[in-house]
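Student:
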Amino acid sequence: MSAPVIDHVHLRVADFAASRAFYAAVLEAFGGGIEWQGETAFEAGALYVETADENGPSRVHLAFTATDEAQVRAFHAAALAAGGRDNGTPGPRDYHPGYFGAFVLDPDGNNIEAVWHGGDRA
1 MSAPVIDHVH LRVADFAASR AFYAAVLEAF GGGIEWQGET AFEAGALYVE
51 TADENGPSRV HLAFTATDEA QVRAFHAAAL AAGGRDNGTP GPRDYHPGYF
101 GAFVLDPDGN NIEAVWHGGD RA
């Protein structure tokens, strides 16, 4: 068994409460949730989110693996309902055959995606 390619993702956010609500909703769409929370940080698996320091929030692209198109759609709906901004409605993309994704911007402008690679690429 090989080690995971990604060990963790660390985001620094401007509005901790808004980000916590956003990621709680997004993670719920995948059947997960926040596993630990402190006053200025929370963890959910490999995702670690904390209040930004004097350097401000970070900007990243984070993609969640979905199990099917329905989960991509559920992610998109949950993210928008939790204050995310649409950055690409659910649908096929031309990145490779079978790629089905949706994109939202989180409260700090990070580009968050859910992607299903299709049955032949899952």
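Just so it is clear: in the sequence shown, position 29 is 29 by full-length UniProt numbering, and no numbers are missing.
Ideal Cβ placement from N, Cα and C applies to all residues, glycine included.
Given the structure is predicted, the values throughout are model-derived calculations rather than measurements.
What distance in whole Å lies between the Cβ atoms of Glu113 and Gly98, which are believed to be in contact at a cut-off of 8 Å?
Tutor: In the sequence shown, residue 98 corresponds to position 98, counting from 1. In the sequence shown, residue 113 corresponds to position 113, counting from 1. 15 Å between Cβ atoms; not a contact.
Student: Rounded to whole angstroms, how far is the Cβ of Asp108 from the Cβ of Ala14, which I believe are closer than 8 Å?
Tutor: By 1-based counting over the sequence shown, the position of residue 108 is 108. By 1-based counting over the sequence shown, the position of residue 14 is 14. The Cβ separation is near 5 Å, so the contact holds.
Student: Taking Cβ positions only, does Gly33 come closer than 8 Å to chain D?
Tutor: Among the chains of the structure shown, chain D does not appear; only one protein chain is present.
Student: Looking only at its own chain, which residues have a Cβ that is under 6 Å from the Cβ of Leu47, when we skip the five neighbours before and after it?
Tutor: Numbered from 1 along the sequence shown, position 47 holds the residue referred to as residue 47. Excluding sequence neighbours, Leu47 sits near Val9.
Student: Excluding five sequence neighbours on each side, which residues of the same chain lie with their C-beta closer than 7 Å to the C-beta of Arg59?
Tutor: As a first step, residue 59 is located in the sequence shown; it is residue number 59 there, counting from the start. Taking Arg59 as the centre and dropping the five residues before and after it, the same chain places the C-beta of Gly109, Asn110 closer than 7 Å to its C-beta, in chain order.
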